[in-house]
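Position one of the sequence shown corresponds to residue 1 (full-length UniProt numbering), numbered consecutively onward.
Notes for the one structure printed next.
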Amino acid sequence: MGILNFIKGAGEKLFGGSEAQAAPPASDAPTAAASAPVPSQEERNAKAATAIAAFIQTQGLNLPSLQVTFDGATSTVILEGVAETQGDAEKAALSAGNIANVTAVENRLSVNRPEPEAQYHDVAKGETLSAIAKKYYGNANEYPRIFEANRPLLSHPDKIYPGQKLRIPAQ
1 MGILNFIKGA GEKLFGGSEA QAAPPASDAP TAAASAPVPS QEERNAKAAT
51 AIAAFIQTQG LNLPSLQVTF DGATSTVILE GVAETQGDAE KAALSAGNIA
101 NVTAVENRLS VNRPEPEAQY HDVAKGETLS AIAKKYYGNA NEYPRIFEAN
151 RPLLSHPDKI YPGQKLRIPA Q
């Protein structure tokens with residue numbers, strides 16, 4: 001399916017920025033924090049991947065064999081496994097990407113029932129689903145199509161935010 005890019009600061013706050021960043025450089029000077037073990041980059045990546053996978057699973061998508069990997073150095077999520085539908089695969093990628101500190105999602109999910117891939121839209125300040133529907137479908141009253149295509153990621157048509165990436169289903 002490819003790579004989707006996201007705005008790093010926008011989205012759900014599942015883990016702190018410090019947990020998602022590259023490991024700090026080593027220092028010769030002892031500090032008070034030096035007595036506490038500092039998790040390795042691999043441990044931080046695994047913890048973030050677990051949190052992202054858990055968040056995706058809360059969306060109620062049909063992903064029987066989801067595997068999530070996170071690379072804190074590049075803030076990239078890799079999704080692998082099988083999705084039942086194209087929509088499930090795309091929503092999984094959006095769920096992962098609309099998390100703060102994630103800048104890209106490489107969606108490697110295979111799909112049991114492929115459909116045409118959706119377009120994506122980055123929400124700008126002041127935009128509404130109606131305005132987005134007018135842009136893509138020529139009719140503001142088509143906003144429920146966009147809302148439904150992004151459920152359960154969206155809980156209400158008025159609850160979108162700048163920087164959020166939305167699925168725009170084919171006409």
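We treat Cβ as the ideally placed atom computed from N, Cα and C, and that holds for glycine.
Of all C-beta pairs linking the region 136–155 to the region 74–82, fewer than three are shorter than 8 Å, placing the two stretches out of contact. By the 16-neighbour rule on beta-carbons within 10 angstroms, Gly97 is buried. Remark: three or more beta-carbon pairs, one from each stretch, lie closer than 8 Å, so the region 36–46 and the region 60–72 are flagged as touching. In the DSSP assignment, Asp122 falls within the beta strand (DSSP E) that extends over Gln119 to Asp122. Between the region 54–69 and the region 87–105 there are three or more inter-stretch CB-CB distances shorter than 8 Å, so the stretches are counted as touching. Buried is the label assigned to Val102, since at least 16 other Cβ atoms lie within 10 Å of its Cβ. A Cβ-Cβ separation of about 7 Å places Leu4 in contact with Lys165 under the 8 Å criterion.
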